[in-house]
Amino acid sequence: MIPNRRSLLQGAAALGALAALPLPAQPTILHPSSELLPRGHQRRVVVLGGGWGGLTTARDLRSTAPDLEVVLIEKNPFFWSCPLSNKWLVDVVDTQFLQHSYSATARRHGYTFVQTEVTDIDRDQRRVHTARGYVDYDWLVVSAGIRVSYEPWFGNDRKAIKETVTHFSSAYVPSAEHLDLKQKIQAFKGGTFVMTLPPPPHRCPPSPYERACLIASHFQKHHIPGKILILDPKPRIAPIGLGYKLAFEDLYPNVIQHIPQAAVRDLDPFNKIIKTTAGDFKFDDAIFMGHHQAADLVWKLGAIGRSPDGKTTQWAKVHPEFYHLPDDHRVFVIGDSVGAVSPQFGHYPKSGHVAQRMGQSVARYISAQAKEQAMKPQLIDNLCFMLVNTEPLEAISVQFDYTMGPNGHLLQTQIDDNERSASLWREDLRWYGNAISHMI
Ligand SMILES: Cc1cc2nc3c(=O)[nH]c(=O)nc-3n(C[C@H](O)[C@H](O)[C@H](O)COP(=O)(O)OP(=O)(O)OC[C@H]3O[C@@H](n4cnc5c(N)ncnc54)[C@H](O)[C@@H]3O)c2cc1C
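Numbering (my numbering), first residue to last: 31 to 470.
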């Protein structure tokens, strides 16, 4: 657990590479209109996005459907885990916990990895277009995560969006933003540090509060006179509200202030002023979490749902347990992009745990389809551990379980474990180790 400076620096260099996305020259196949991977005799599953959902799907398909060819397409050169990244920001875990090689993983499990950006999807031709050429599929699984949108705050003001992304981005997708944020936290000398939360639904609901705790612990440890204002659009902290409240009050009473009902009304990133429904604040530095929506690829797929009044829901409309599109049983969207699945609780939690469960389920379902077998839907679960203290290391947790209600709607139960403890932190490490070993 002790951070290793050499590997942190290696990780930093590798994260820097993410920013530039330096695709190696591929003179023979670079033309986007040529076929990138000619078909063999096997039927093919193409998985888009090498995050938590995509890596799990690709790996599980090799064991559940060994007769199918599996191709994973991902734009980044290596896997970077968002789970545990808050701990990495303040040196609780090392870079090698988070970062893994795609090519070594693909070789190990026997599928094809292609590093390139997917630019479009043609469902009529069952074809994926990429920056390096097109790839045809028989089954398609899209696990492309989220996109962060600042348009609800800035409209078309590209200058304000650029300023916000450049200086105050949230590091909520696998990208070089994580390195920028770590450097920003290490360089912070004191003053007001503002964190906004996106309106729900958003990626990993408890993780912004965890991040606040860990940055606060860093301030205390290094005697940095910083104050963290959490501007939360929700009326109260959720999930694990009590556990977080106690952590803020007991551990960081002079550092963290949680302000509920604070939806962003106006943001001036140049003069560092934010106006919210709970008041106006000046800040010295900030993490601005824009609105979360389904990834761009889901919009390109034409899979975004519509509400009864005809507006887009911003999230994918899929079968609540099989995750295929309503009009195409061979095209799936999984992970954080998935939209509401139940009138009782709306969205599944947008977590790596859920994305992994969906990936496992889709791999089994595709295998059953390939063998022309029927498959019963499988219920999933969710489990998240959040570190709130670093001296000693202590975590809290939340668990969600799902059942099928009598009227055919999914039902959710939630169990918060609000009592911070070292044993929950150990469970977190175990959970993460198991999850990663299922993907890598
Ligand atoms: C700070 C933080 C802490 C978290 N902590 C936890 C936790 O403790 N437990 C937990 O369960 N979850 C946690 N999460 C949530 C978890 O990271 C996400 O729920 C999970 O990653 C979702 O998986 P996914 O496959 O949908 O998306 P991702 O894992 O984001 O993967 C999407 C992939 O698609 C790729 N992609 C997107 N568009 C394209 C394109 N056009 N071409 C090629 N590739 C593309 C992306 O580069 C990315 O690699 C946390 C998240 C954050 C930000």
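Where a beta carbon is used, it is the ideal one built from N, C-alpha and C, also for glycine.
Pairing Glu-193 with Pro-338 gives a Cβ-Cβ distance that is not under 8 Å. For the 8 Å CB-CB criterion, Gln-390 and Asp-90 form a contact. Along the length of the segment 305 to 372, whole beta strand (DSSP E) runs at least 3 residues long occupy 309 to 312, 315 to 317, 321 to 324, 334 to 336, 342 to 346 and 358 to 363, reported in chain order. Contact annotation, Val-428 with Asp-446: C-beta distance approximately 5 Å; criterion of less than 8 Å satisfied. Here the segment 249 to 256 makes no contact with the segment 334 to 354; the two share fewer than three CB pairs at distances below 8 Å. Rounded to whole angstroms, the separation of the alpha carbons of Gly-221 and Pro-255 is 6 Å. Scanning Glu-351, Gln-442, Ser-63 and Gln-287 for the CA closest to the CA of Ala-161 turns up Ser-63.
Counting only runs that start and end inside the segment 137 to 167, the beta strand (DSSP E) elements of at least 3 residues fall at 142 to 145, 148 to 152, 157 to 160 and 163 to 166.
Cβ contact annotation for Met-319 (same chain, cutoff 8 Å, sequence separation greater than five): Val-178, Ser-200, Tyr-202, Met-225, Thr-226, Leu-227, Pro-228, His-232 and Pro-238, in chain order.
CA-to-CA, the gap between Gly-382 and Gly-335 works out to about 22 Å. Leu-85 is the residue among Pro-283, Arg-241 and Leu-85 whose C-alpha sits nearest the C-alpha of Tyr-132. Between ligand 1 and the CB of Val-148, the shortest heavy atom gap is smaller than 7 Å.
Contact between Ser-372 and Pro-356 fails: their C-beta atoms lie close to 16 Å from each other, not under 8 Å. In the structure shown, the three-state DSSP call for His-252 is coil.
If you ignore the 5 residues before and after Ala-277, its C-beta comes within less than 6 Å of the C-beta of Cys-243 and Val-418, all in its own chain and listed in chain order.
Taking 8 Å as the cut-off, the beta carbon of Ser-173 is found closer than this to the beta carbon of Ala-385. Counting C-beta atoms within 10 angstroms of its own C-beta, Asn-106 has 16 or more neighbours from the protein chains shown and is therefore classed as buried. For Asn-412, the enclosing beta strand (DSSP E) stretches over residues 411 to 420. In the structure shown, Ile-396 falls within a helical segment according to DSSP collapsed to helix, strand and coil. Taken from the Cβ of Asn-437, every heavy atom of ligand 1 lies 7 Å or farther away. Of the candidates Glu-240, Leu-331 and Asp-458, the residue whose Cα lies closest to the Cα of Leu-119 is Glu-240. Look at Ala-425 here: in three-state DSSP terms it is strand.
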